[in-house]
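Chains as they are written, first to last, in our numbering: chain L, 1 to 207; chain P, 1001 to 1207. Cβ coordinates follow ideal geometry from the N, Cα and C atoms, glycine included.
Protein chains: 2
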Amino acid sequence: MLTDRQKSILDFIQSEQREKGITPSTREIQSHFGFASQTSVMQYIATLQRKGFLDRHARKARALITPLQKVRITDIPIYGQIPAGMASVTEQSAEGHVSLDAESVNASRNGRTFALRVRGDSMIDAHILDGDLVILEDRKDAQNGDIVAALIDGETTLKRYVTERGRPYLKAENPLYPNLTPARELRVQGVMISLIRKQAALRRKKN
Amino acid sequence: MLTDRQKSILDFIQSEQREKGITPSTREIQSHFGFASQTSVMQYIATLQRKGFLDRHARKARALITPLQKVRITDIPIYGQIPAGMASVTEQSAEGHVSLDAESVNASRNGRTFALRVRGDSMIDAHILDGDLVILEDRKDAQNGDIVAALIDGETTLKRYVTERGRPYLKAENPLYPNLTPARELRVQGVMISLIRKQAALRRKKN
DNA sequence: AGTTTTAATGTTCATTTGAACATATTACTA
DNA sequence: TAGTAATATGTTCAAATGAACATTAAAACT
């Protein structure tokens, strides 16, 4: 798949990344291999990229990406409660983070993603349990049937977004809970894209 | 230890590193925070470095080094079906991977962890749906009440492990499905520790 | 009130770095 | 033997990037 020379260039890039924490510049690669010209390096990079062994951000410095960190890891802040503004939500107010690859949770490339710890069993018929971590994307354009985090009376709740004759309301997925029809406006804070449940550990003798 | 502002700059550097694989340039940090001058960024970097939260290669581009990732990322193979042996399970036979921090899924440090794509709705009363990704730990010592992946007649199924008068059987969490009492032995392949659900995306006019 | 720390601005400069172009050599292949 | 891929050279340019200096301002602390 790769020639010896190509492989040795890839090896060098990876070992530099590991040892120094940054990828080498084209000139550093050049001088390490004793090339008289950077163009050689450019050609190797292009080849490695074409063959899928290397990725990069074009026109940026030291922006090679080695397969060591191939999966795009998203760092998702977890909120217990989303403050009203949400525009002003900072990483500080998060109670923790989940880190996982973007693809597994449907996270889009651009949109802000955050997580909410579910409290109560109002969504149990949608199979969302107390303690579950619901991952949402920060968007306002909820569609009929989406499960959303929305702001009602200064509190954030997770409910199903339903429109009936053009008017939206929030539906609990539990007959014991009432539907919420907004007095004036319904502020959708995010649309559910994924869910993570930590199984309650059973008590074990050891471990 | 760090002021809010200092921490938010560090957060930004780290999240960029994780998301894009490269650390931001001073100008990128500048424009993200709306600074009118790079000098602000230079000062923050110097401070973070002095306090030991950041390391760097001076005079090199994008050469910030963020502290070692605190989160332990686990790379979990996803199986559609676990072959009988399980001892001989290789990464090759996996249909994909999820990468996420070990803490979010209860993954223990030693045990092998794998994921199973759920088919059917036999566990719906345990709120496990068709298509869900169930994360399991490779252990044989299931306890009464655990949800396990077990081998019955050469097929792997996800069921609740129940012992009655010392004899174990597999209970479906759906009245429409029968319980499975093993003819001879019950081979537990793993115990559920976590669950990931990708919410089915609703059709949108445009993404 | 005086001092220090933190935070920020505006500007300029030198270096680092990626990129491109035209060209050459070697080795393998059809 | 003509053709192609891999490998390499020399040079030039423009953009990206880190760094420095002189100031200002507010908050925090003594």
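Closest by C-alpha distance to G1145 (chain P), when choosing among P:T1163, P:R1167, P:A1058 and P:S1108:
Nearest of P:T1163, P:R1167, P:A1058 and P:S1108 to G1145 (chain P), Cα basis: P:T1163.
Range of the contiguous alpha helix (DSSP H) that encloses S31 (chain L):
Counting along the chain, the alpha helix (DSSP H) containing S31 (chain L) begins and ends at T26 to F33.
Can you find a CB in chain L that lies within less than 8 Å of the CB of Q1030 (chain P)?
Taking a beta-carbon distance threshold of 8 Å, Q1030 (chain P) does not count as an interface residue toward chain L.
For Q1006 (chain P), I'd like the list of residues in its chain whose CB is within less than 7 Å of its CB, leaving aside the five on either flank, ordered along the chain.
Around Q1006 (chain P): Y1044, T1047 and L1048.
Answer yes or no: do M1042 (chain P) and T1026 (chain P) have a C-beta to C-beta separation smaller than 8 Å?
Against a cut-off of 8 Å, the Cβ pair of T1026 (chain P) and M1042 (chain P) comes out as a contact.
Please report whether the beta-carbon of V1105 (chain P) lies at a distance below 8 Å from any beta-carbon of chain L.
It does; some Cβ of chain L falls within 8 Å.
Local Cβ density within 10 Å of T1003 (chain P), reported as buried at 16 or more and exposed below that
T1003 (chain P) should be labelled exposed.
Beta-carbon within less than 7 Å of Q1143 (chain P)'s beta-carbon, same chain only, minus the 5 sequence neighbours each way: which residues are those?
Nothing meets the Cβ criterion.
Starting from F114 (chain L), trace the beta strand (DSSP E) both ways and give me its first and last residue.
Here the beta strand (DSSP E) through F114 (chain L) covers T113 to R117.
N- and C-terminal bounds of the beta strand (DSSP E) containing A1058 (chain P):
Premise fails: A1058 (chain P) is in no beta strand (DSSP E) and is neither H nor E.
Give me the Cβ distance between D1121 (chain P) and D1130 (chain P), rounded to the nearest whole Å; I'm assuming they're in contact under 8 Å.
Approximately 5 Å separates the beta-carbon atoms of D1121 (chain P) and D1130 (chain P); this is inside 8 Å, confirming the contact.
Checking contacts by CB at 8 Å: is I152 (chain L) closer than that to chain P?
No, I152 (chain L) does not count as interfacial toward chain P.
Give the residues of chain P in contact with G131 (chain L), contact being defined as C-beta atoms less than 7 Å apart.
For G131 (chain L), there are no C-beta contacts with chain P under 7 Å, since the nearest C-beta of that chain is about 11 Å from it.
V1041 (chain P) at chain L interface by Cβ criterion, 8 Å
V1041 (chain P) does not count as touching chain L.
For S209 (chain L), does the three-state DSSP call read helix, strand or coil?
The structure shown does not extend to residue 209 (chain L), since chain L is modelled only from 1 through 207, so no value can be given for it.
Assuming contact is defined by CB atoms lying nearer than 8 Å, are I1193 (chain P) and L1136 (chain P) in contact in what I supplied?
Result yes, Cβ atoms of I1193 (chain P) and L1136 (chain P) sit closer than 8 Å.
For Y1079 (chain P) and A1115 (chain P), what's the separation of their Cα atoms in angstroms?
Between Y1079 (chain P) and A1115 (chain P), the C-alpha separation is close to 6 Å.
Can you find the residues in the same chain that come closer than 6 Å, C-beta to C-beta, to I124 (chain L), ignoring five residues on each side of it along the sequence?
Hits under 6 Å: N174.
Bounding residues of the beta strand (DSSP E) (the contiguous stretch that carries Y1044 (chain P))
Per DSSP, Y1044 (chain P) lies in no beta strand (DSSP E); the unbroken alpha helix (DSSP H) holding it starts and ends at Q1038 to R1050.
Looking at A1058 (chain P) and A61 (chain L), is the spacing between their C-beta atoms short of 8 Å?
8 Å or more divides the Cβ of A61 (chain L) from the Cβ of A1058 (chain P).
For L195 (chain L), which residues does DSSP report across the bridge?
L:V134 and P:R1197.
Going along the chain, which residues of its own chain have a beta-carbon closer than 8 Å to the beta-carbon of Y1177 (chain P), five neighbours each way excluded?
S1122, listed in sequence order.
In whole angstroms, what separates the C-alpha of D138 (chain L) from that of E19 (chain L)?
Answer to the nearest angstrom: the Cα atoms are 37 Å apart.
Report buried or exposed for R160 (chain L), applying the criterion of at least 16 other Cβ atoms within 10 angstroms of its Cβ.
Burial check for R160 (chain L): the Cβ neighbour count within 10 Å reaches 16 or more, so the residue is buried.
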